[in-house]
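Accompanying notes for the structure given below.
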Amino acid sequence: MTHTDDDRKRRAANWFRSLRDRITAAFEELEDADAPGPFADLPPGRFDVTPTTRTAEDGSDAGGGIMSVMRGGRVFEKVGVNWSEVHGTLAPRAQAAMAARGVPGMADDPRFWASGISLVAHMRNPHVPAVHMNTRMFWTPHAWWFGGGADLNPCIEYGDDTAHFHAAMQGACDAHEAGRYGRFKAWADEYFYIPHRKRARGVGGIFYDDLNTGSWEDDFAFTQDVGRAFLPAFVPLVERRRIHEWTDADKQVQLVHRGLYVEYNLVYDRGTKFGLETGHDANAVLMSLPPEAKWP
167 MTHTDDDRKR RAANWFRSLR DRITAAFEEL EDADAPGPFA DLPPGRFDVT PTTRTAEDGS
227 DAGGGIMSVM RGGRVFEKVG VNWSEVHGTL APRAQAAMAA RGVPGMADDP RFWASGISLV
287 AHMRNPHVPA VHMNTRMFWT PHAWWFGGGA DLNPCIEYGD DTAHFHAAMQ GACDAHEAGR
347 YGRFKAWADE YFYIPHRKRA RGVGGIFYDD LNTGSWEDDF AFTQDVGRAF LPAFVPLVER
407 RRIHEWTDAD KQVQLVHRGL YVEYNLVYDR GTKFGLETGH DANAVLMSLP PEAKWP
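Under the working numbering, the first residue of the sequence shown is numbered 167, with each subsequent residue one higher.
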């Protein structure tokens, strides 16, 4: 491991943690804002912050993170914003998965390090879209890469909300490479598709993985820009839709739509699988699940 590797890890982990701090503060500001609605008389929601730990198979410390979850707020029914920095040795299944993705030398030296931020928000008002965002860096002695993205998951879609969200994601992409938005949008459409339902989880966004252009600085800068784009992409939608009146029928639509989220995250999501297989805190890994869902 070189000093350059150590410096890069430190910078990436610090960035992801600072982004977590910025987002949780912005979400609590949304809770504090005076706005009409059926939950305006509730006290503003606040994040419960819990340290998380990862224990290696030999019982040694293998890192951890911060789990921040708000439940029962005025605006957010449940939202989690987690940061992690973990390290250790990949188990045989995870080694095989890395090797299948083209990472060399995993059988000889299966050490890894990873840090990132993961966010999922489930909203009170069915007219406010649910949202997901994560960005991360992964390192082995043989390779490093960045991954992540953000996607919008409305149960009641508004075309101008979808356009606004995608425009923010496109801005982050276009600042770095022409054509990147189109590729990463298509990747999100493919990745967040639910085969057994023959439909998408939401209205998409961007998704990327294994990003290593050969310039760590460029790839880190892009990943930072994706993180910076999130609040401008999402907060205006919350402010616009949180005051909409909604009916019991709207709520039922929301609960059924959340069922799609549960199915996708438990069956297909690679991050969920990796977190559980590498021994990270199960509550933190499963933070993405909604507080309530329904199946037709």
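Positions of the beta carbon are idealized from the N, C-alpha and C atoms, including for glycine.
Suppose you measure from the CA of residue i to the CA of residue j; what does that come to, to the nearest Å?
{"i": "P270", "j": "H423", "result": "40 Å"}
{"i": "A296", "j": "R183", "result": "22 Å"}
{"i": "G254", "j": "R277", "result": "6 Å"}
{"i": "R363", "j": "N300", "result": "24 Å"}
{"i": "M264", "j": "D414", "result": "46 Å"}
{"i": "R237", "j": "I283", "result": "19 Å"}
{"i": "G541", "j": "A387", "result": "The structure shown has nothing for residue 541, since the chain only spans 167 to 462."}
{"i": "P457", "j": "K417", "result": "13 Å"}
{"i": "I322", "j": "A309", "result": "42 Å"}
{"i": "G194", "j": "L185", "result": "This sequence places Glu at residue 194; Gly is not what is there. Going by the C-alpha atoms only, they are around 14 Å apart."}
{"i": "K439", "j": "D375", "result": "15 Å"}
{"i": "H332", "j": "F358", "result": "15 Å"}
{"i": "R176", "j": "H342", "result": "23 Å"}
{"i": "Y324", "j": "L452", "result": "28 Å"}
{"i": "V215", "j": "A448", "result": "16 Å"}
{"i": "T218", "j": "V247", "result": "13 Å"}
{"i": "V404", "j": "G441", "result": "29 Å"}
{"i": "D173", "j": "I232", "result": "21 Å"}
{"i": "D340", "j": "G425", "result": "34 Å"}
{"i": "D327", "j": "W412", "result": "17 Å"}
{"i": "A257", "j": "P402", "result": "43 Å"}
{"i": "A199", "j": "F396", "result": "19 Å"}
{"i": "A450", "j": "Y434", "result": "17 Å"}
{"i": "Q390", "j": "W353", "result": "19 Å"}
On the DSSP letters alone, give me the boundaries of the beta strand (DSSP E) that residue i sits inside.
{"i": "D375", "result": "370 to 377"}
{"i": "W353", "result": "No beta strand (DSSP E) holds W353; the alpha helix (DSSP H) holding it covers 346 to 357."}
{"i": "L318", "result": "309 to 319"}
{"i": "G246", "result": "242 to 255"}
By DSSP, does residue i sit in helix, in strand, or in coil?
{"i": "T190", "result": "helix"}
{"i": "P295", "result": "coil"}
{"i": "M164", "result": "The question about residue 164 has no answer here: the residues shown for the chain are numbered 167 through 462."}
{"i": "A280", "result": "strand"}
{"i": "V269", "result": "coil"}
{"i": "R436", "result": "helix"}
{"i": "D200", "result": "coil"}
{"i": "G239", "result": "coil"}
{"i": "W461", "result": "coil"}
{"i": "F304", "result": "strand"}
{"i": "A228", "result": "strand"}
{"i": "D207", "result": "coil"}
{"i": "D171", "result": "helix"}
Which residue comes first and which comes last in the alpha helix (DSSP H) that contains residue i?
{"i": "H423", "result": "414 to 433"}
{"i": "F396", "result": "382 to 407"}
{"i": "A329", "result": "325 to 340"}
{"i": "P258", "result": "258 to 266"}
{"i": "K364", "result": "Careful: K364 lies outside any alpha helix (DSSP H) and carries neither H nor E."}
{"i": "A448", "result": "448 to 451"}
Tell me which same chain residues have a C-beta within less than 8 Å of the C-beta of residue i, skipping the five on either side of it?
{"i": "D385", "result": "W311, F312, L377, N378, T379"}
{"i": "P202", "result": "I409"}
Sorted by chain position, which residues of the same chain lie with C-beta nearer than 6 Å to residue i's C-beta, five sequence neighbours on each side aside?
{"i": "M272", "result": "Q261, M264, A265"}
{"i": "F304", "result": "A280, W311"}
{"i": "G368", "result": "D317, L318, N319"}
{"i": "F213", "result": "T190, S234, M236"}
{"i": "E197", "result": "P210, G211, G239, R240, V241"}
{"i": "A178", "result": "S281, M303"}
{"i": "V294", "result": "V404, R407, R408"}
{"i": "F400", "result": "V297"}
Please say whether residue j and residue i have beta carbons closer to each other than 9 Å?
{"i": "V286", "j": "V241", "result": "no"}
{"i": "N319", "j": "R408", "result": "no"}
{"i": "F373", "j": "G337", "result": "no"}
{"i": "D355", "j": "A344", "result": "no"}
{"i": "L421", "j": "K460", "result": "yes"}
{"i": "G393", "j": "W249", "result": "no"}
{"i": "R259", "j": "E383", "result": "no"}
{"i": "H330", "j": "Y427", "result": "no"}
Quick one: residues in its chain with C-beta nearer than 7 Å to the C-beta of residue i, no 5 flanking neighbours on either side, listed in chain order?
{"i": "F205", "result": "R240, R290"}
{"i": "E243", "result": "H288, M289, R290, P457"}
{"i": "L455", "result": "V428, N431"}
{"i": "P462", "result": "V422"}
{"i": "V419", "result": "P292, C321, I322"}
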